[in-house]
Amino acid sequence: MPSRYHEVYDGWAHDPEGFWAEAARAIDWFKPWDKVFDAEGGVYGQWFAGAECNTCYNALDRHVQDGRAEQVALIHDSPITGTQQKFTYAGLLAEVNALASVLQDQGVQKGDRVIIYMPMVAEAAFAMLACARLGAIHSVVFGGFAAKELATRIDDATPRLIISASCGIEPGRVIAYKPLLDGAIELASHKPEHCLILQRPQLACDLVAGRDFDYAATVGAAKAAGRTVECVPVAATDPLYVLYTSGTTGQPKGVVRDNGGHMVALKWSMENEFGVRPGEVFWAASDVGWVVGHSYIVYGPLLHGATTILFEGKPVGTPDAGTFWRVISEHGVVALFTAPTAFRAIKKEDPQGLFVPQYDLTKFRTLFLAGERADPETIKWAENKLKVPVIDHWWQTETGHPISQNPVGLGLLPVKYGSPCVPMPGYDVRVLDDAGHEVGRGTLGNVVVKLPLPPGCLPTLWHADERFFNAYLAEFPGYYKTADAGYIDDEGYLFIMARTDDIINVAGHRLSTGGMEEVVAEHPDVAECAVIGIADAMKGQIPCGFIVLNSGVSRDTAAIEKEVVGLVRDRIGPVAAFKMVVTIKRLPKTRSGKILRGTMQKIADREDWKMPATIDDPVILDEITEALKARGIGVA
Numbered sequence: 001m002p003s004r005y006h007e008v009y010d011g012w013a014h015d016p017e018g019f020w021a022e023a024a025r026a027i028d029w030f031k032p033w034d035k036v037f038d039a040e041g042g043v044y045g046q047w048f049a050g051a052e053c054n055t056c057y058n059a060l061d062r063h064v065q066d067g068r069a070e071q072v073a074l075i076h077d078s079p080i081t082g083t084q085q086k087f088t089y090a091g092l093l094a095e096v097n098a099l100a101s102v103l104q105d106q107g108v109q110k111g112d113r114v115i116i117y118m119p120m121v122a123e124a125a126f127a128m129l130a131c132a133r134l135g136a137i138h139s140v141v142f143g144g145f146a147a148k149e150l151a152t153r154i155d156d157a158t159p160r161l162i163i164s165a166s167c168g169i170e171p172g173r174v175i176a177y178k179p180l181l182d183g184a185i186e187l188a189s190h191k192p193e194h195c196l197i198l199q200r201p202q203l204a205c206d207l208v209a210g211r212d213f214d215y216a217a218t219v220g221a222a223k224a225a226g227r228t229v230e231c232v233p234v235a236a237t238d239p240l241y242v243l244y245t246s247g248t249t250g251q252p253k254g255v256v257r258d259n260g261g262h263m264v265a266l267k268w269s270m271e272n273e274f275g276v277r278p279g280e281v282f283w284a285a286s287d288v289g290w291v292v293g294h295s296y297i298v299y300g301p302l303l304h305g306a307t308t309i310l311f312e313g314k315p316v317g318t319p320d321a322g323t324f325w326r327v328i329s330e331h332g333v334v335a336l337f338t339a340p341t342a343f344r345a346i347k348k349e350d351p352q353g354l355f356v357p358q359y360d361l362t363k364f365r366t367l368f369l370a371g372e373r374a375d376p377e378t379i380k381w382a383e384n385k386l387k388v389p390v391i392d393h394w395w396q397t398e399t400g401h402p403i404s405q406n407p408v409g410l411g412l413l414p415v416k417y418g419s420p421c422v423p424m425p426g427y428d429v430r431v432l433d434d435a436g437h438e439v440g441r442g443t444l445g446n447v448v449v450k451l452p453l454p455p456g457c458l459p460t461l462w463h464a465d466e467r468f469f470n471a472y473l474a475e476f477p478g479y480y481k482t483a484d485a486g487y488i489d490d491e492g493y494l495f496i497m498a499r500t501d502d503i504i505n506v507a508g509h510r511l512s513t514g515g516m517e518e519v520v521a522e523h524p525d526v527a528e529c530a531v532i533g534i535a536d537a538m539k540g541q542i543p544c545g546f547i548v549l550n551s552g553v554s555r556d557t558a559a560i561e562k563e564v565v566g567l568v569r570d571r572i573g574p575v576a577a578f579k580m581v582v583t584i585k586r587l588p589k590t591r592s593g594k595i596l597r598g599t600m601q602k603i604a605d606r607e608d609w610k611m612p613a614t615i616d617d618p619v620i621l622d623e624i625t626e627a628l629k630a631r632g633i634g635v636a
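If you're matching positions, the sequence shown starts at 1 in the UniProt record's numbering and goes up one per residue.
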């Protein structure tokens, strides 16, 4: 069908407040707003000022009342433990009600903070929704974070209570959470009053008398007693949650998400952007510790009346590279949202896609990729093997929902490889030079969004309005700085080429490492790659490529590296000065799949660096250090 995108986007641009007021009709409000947008409120304005609502009510109660009580709301699928659980909307509401009553008994009230430090278990979603039910502000910290990192978040959020588990489970290992939690509380200046601990059968833990409570026992008692808790009305502009991102100063930034605008934006995005209808099964293969888990595992699908999957596993190794197809087949998934790195891992282990035809994927309609740049080769591989549209889209923790994508629900636009397509309604995306002047089409520059940001984006940082202004709004007055570099082509398609920190200067030429990575990824033996700029006395910086080879490749690595250099020289030209390629076993990544290019660059440039808190496997950095030393890089 022809796309309605331009018509809808132009309608938003002509009347932004009317557009969002119409979208807000899909949400149940306890009290209507005084203003759709209050330009005088907050740091840059506030959405739905004066309105009162409750996110848990919209995610659960109204669906139970409106005929979805027996529809499956949440599927917990854990190939790591070999278990599955399904919760209907009524069953999920019962779990959340019981937990909310326990939190209430332990003193949690509207406006209090609760830290959730849990693995990918259904109880993590219960905890988020129970906090929302009470009007408490949750802050999910990725399970297994080091004690010091957790302590900084405890001191910043000052939670009344922490909900955690005895352990998390990774392929081949069990991670004890309780010692990390106890260590964090000991390090932190702020001490939570209570901790609620889910004892997992794989590893039990000791509880601190008077402070710690057993999750199953207390929640079970509340269920047996038939305890119910009414949804607490909160202002649309009140915080729903605080989600920490790594700060450049070493002090994490607490991204605030409000209640009202967040619900409106996510509900609108589910059908219009992701093309999912109420009652269908949507799967975001992420973690509740990241923004994707908040927006599209828990809140978006449940606000929409869909069925969501919470998956405790990996794309490979639990047990094999076919696990994604097994989940899609068993649960009738219509759309999957995951990171490009997950697909690169699958492609590396099963380059021929031999697992795909072993499963019934007839209900599967769309694959969405975001988190890292989706290189064209990965997209083409997925298109070829799955025979469905593969949609690259782009957004950030700060925005909470897509800035740009190919809007499935409005009708697909032609795909342009390397582009996350076009800006979504709400986002007026521009490209500026360093002086703040708009550049021409096709010119690389700083990607920014004209203020105000749409509903659902961060209104500020937790207790840090000035830091928020300085970090995002000060450099380009009137615009939100994404800190990404890219360009817009003649047809309005956006191309995100790199973080602004990853634009390298080679003998006065500003070059995108992302553009080089696209070329490197085209080599048939390359599964994954990263390009960084390293210091050079003559040229300022020169690029260095890192490649991971597909499983089963037995050719001489030196020959492959030479071919990769030739590819970049042919495609980008000698100006790139691309002469160095290093073959490694794995790329260093965060647990959300982002490649740690900045840390790799510091190692290469012999700068001081610290172990990133979110790294998936610290040993990889030692391997990279040794690989660089063998080339005479990164050594004094």
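Ideal Cβ positions, reconstructed from N, Cα and C, are used throughout, including at glycine.
Assuming residue i and residue j are in contact, meaning their beta carbons sit under 8 Å apart, how far apart are those beta carbons, in whole angstroms?
i    : j    : result
P423 : S404 : 5 Å
Y117 : L413 : That belief does not hold up - the Cβ atoms of Y117 and L413 are roughly 41 Å apart, past 8 Å.
T397 : L243 : 6 Å
Y44  : L432 : Incorrect: roughly 17 Å between the Cβ atoms, too far for contact.
A165 : R200 : 6 Å
P192 : P239 : In fact, because the Cβ distance is near 18 Å, the residues do not count as touching under 8 Å.
Short check: CB of residue i to CB of residue j, under 8 Å?
i           : j    : result
T513        : I532 : yes
G42         : T460 : yes
E312        : I163 : no
L302        : T338 : no
V288        : I297 : yes
L134        : A100 : yes
residue 714 : A577 : Because the chain here runs from 1 to 636, residue 714 falls outside it and cannot be looked at.
D490        : G445 : no
A26         : V64  : no
V408        : K363 : no
Please state whether DSSP places residue i in a helix, a strand or coil.
i    : result
G445 : strand
T228 : coil
N505 : strand
W609 : coil
H194 : strand
T378 : helix
A577 : coil
T237 : coil
F142 : coil
W283 : strand
D320 : coil
G82  : coil
Q46  : strand
F355 : coil
V390 : strand
If you drop the 5 nearest sequence neighbours on each side, which residues of the same chain put their C-beta closer than 7 Å to that of residue i?
i    : result
R35  : According to the sequence shown, residue 35 is Lys rather than Arg. Cβ neighbours of K35 beyond the five flanking positions: A49, G50.
G317 : P171
A59  : L129, Y299, L302, L303
K267 : A26, I27, L303, H304
A184 : A147, L150, A151, I154
P32  : A51
What does the alpha-carbon distance come out to for the pair residue i and residue j?
i           : j    : result
H294        : G566 : 43 Å
D182        : P389 : 46 Å
V256        : D156 : 13 Å
L161        : H138 : 10 Å
S78         : G552 : 29 Å
H190        : W395 : 33 Å
A382        : E330 : 20 Å
P357        : I391 : 21 Å
A39         : V232 : 27 Å
A345        : K562 : 24 Å
G486        : S419 : 10 Å
Y241        : E626 : 41 Å
residue 645 : G143 : In the structure displayed, the chain extends from 1 to 636; residue 645 sits before or after that span and is not available.
residue 645 : Y480 : Not covered by the structure: residue 645. The range shown for the chain is 1 to 636.
Excluding sequence positions up to five away, which residues of its chain have a Cβ less than 6 Å from the Cβ of residue i?
i    : result
V564 : V520, H523, V581
T482 : V447
T590 : T614
A530 : F546, L587, I595, R597
T218 : V102
R373 : G514
Less than 8 Å between C-beta atoms, sequence neighbours within five positions excluded: which residues of the same chain meet that for residue i?
i    : result
T557 : L549, T583
Y417 : P376, I379, K380
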